[in-house]
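For reference, the structure discussed in these notes is given below.
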Amino acid sequence: MKEEIIKIVKENLKDRENFTPVILGIINTESSFNPLACRFEPEWKYLKTPSYFAKKLGITADTEIVFQKISWGLMQVMGSVYRELGYTGHLNALSTDIERQIRYGINHFFRFYSYYKDLYKAILGYNRGYAVKEEDVKLALLDEHSYLSKVLKHSKEFLEV
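In terms of my numbering, the sequence shown opens at residue 294 and continues consecutively.
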């Protein structure tokens, strides 16, 4: 399974293959390479037109709201972020679609990389959003248990892939 995931990551990165270790580090940190990983985030407030998607998909608005408040798959992308990125299908179907999990996760990461133009800030942004400051990076690098430190540690495991 891990080899298949690595292959799909490389295929999706194409001319940005130098980011392969970082993306694999995020996958390892977020899901330990488990494509069925999911987590309900009850406090998540950033929803994308749940009534519209509920009607379109023939489900209740409450179900769509719950699905948008779940982080899905290998890269633990929130359901509402999948919606922002253009995914219009059933969110629970993502559990069995490894290629789509990776493609959308990579696109989500590169939104932060394009915004920050800094790898460490992009990694923190992937986890926290758009409010990352230079001081956050410094503190995260000092804390071996921080998200940034974990991703960097896991990334080193994939330098030779």
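From the three backbone atoms N, C-alpha and C, an ideal C-beta is built for every residue, glycine too. What you are looking at is a predicted structure, and each value in this text was computed from that prediction instead of being measured.
Which term fits residue i, buried or exposed, when burial requires 16 or more other beta carbons within 10 angstroms of its beta carbon?
| i | result |
| --- | --- |
| Y380 | buried |
| Y423 | exposed |
| R309 | exposed |
| N327 | exposed |
| A354 | exposed |
| S373 | buried |
| T322 | buried |
| M368 | buried |
| L417 | buried |
| A415 | buried |
| A433 | buried |
| K426 | exposed |
| L387 | buried |
| Y455 | With the chain running from 294 to 454 in the structure shown, residue 455 is simply not present. |
| E455 | There is simply no residue 455 to check, as the chain begins at 294 and stops at 454 in what is shown. |
According to DSSP, what are the bridge partners of residue i?
| i | result |
| --- | --- |
| M371 | S364 |
| F333 | I363 |
Spell out whether any CB of chain B is found under 7 Å from the CB atom of residue i.
| i | result |
| --- | --- |
| D308 | Within the model displayed, chain B is absent; a lone protein chain is all it includes. |
Could you check how far apart the C-beta atoms of residue i and residue j are, in whole angstroms? I think they sit under 8 Å.
| i | j | result |
| --- | --- | --- |
| L384 | F402 | In fact, because the Cβ distance is near 19 Å, the residues do not count as touching under 8 Å. |
| I391 | I320 | I391 to I320, Cβ: 10 Å. No contact. |
| Y413 | V430 | 5 Å |
| K341 | E377 | 6 Å |
| G351 | F451 | Actually they do not touch by this definition, with Cβ atoms about 41 Å apart. |
| Y406 | N420 | That pair is no contact at about 13 Å. |
Item to check | At least three beta-carbon pairs within less than 8 Å, the region 322-333 to the region 358-369 | outcome: Yes, the region 322-333 is in contact with the region 358-369.
Checklist entry - Does the count of Cβ pairs from the region 305-325 and the region 440-451 closer than 8 Å reach three? => result yes
Item to check | Secondary structure, alpha helix (DSSP H): runs of 4+ residues fully inside the region 304-329 | outcome: Complete alpha helix (DSSP H) runs here, min 4: 313-324.
Next on the checklist: Threshold first: 3 residues or longer. Then list the beta strand (DSSP E) segments lying entirely within the region 406-430, N to C.
Outcome noted: none
Checklist entry - Taking contact to mean at least 3 C-beta pairs separated by less than 8 Å, is the region 394-409 in contact with the region 296-304? => result yes
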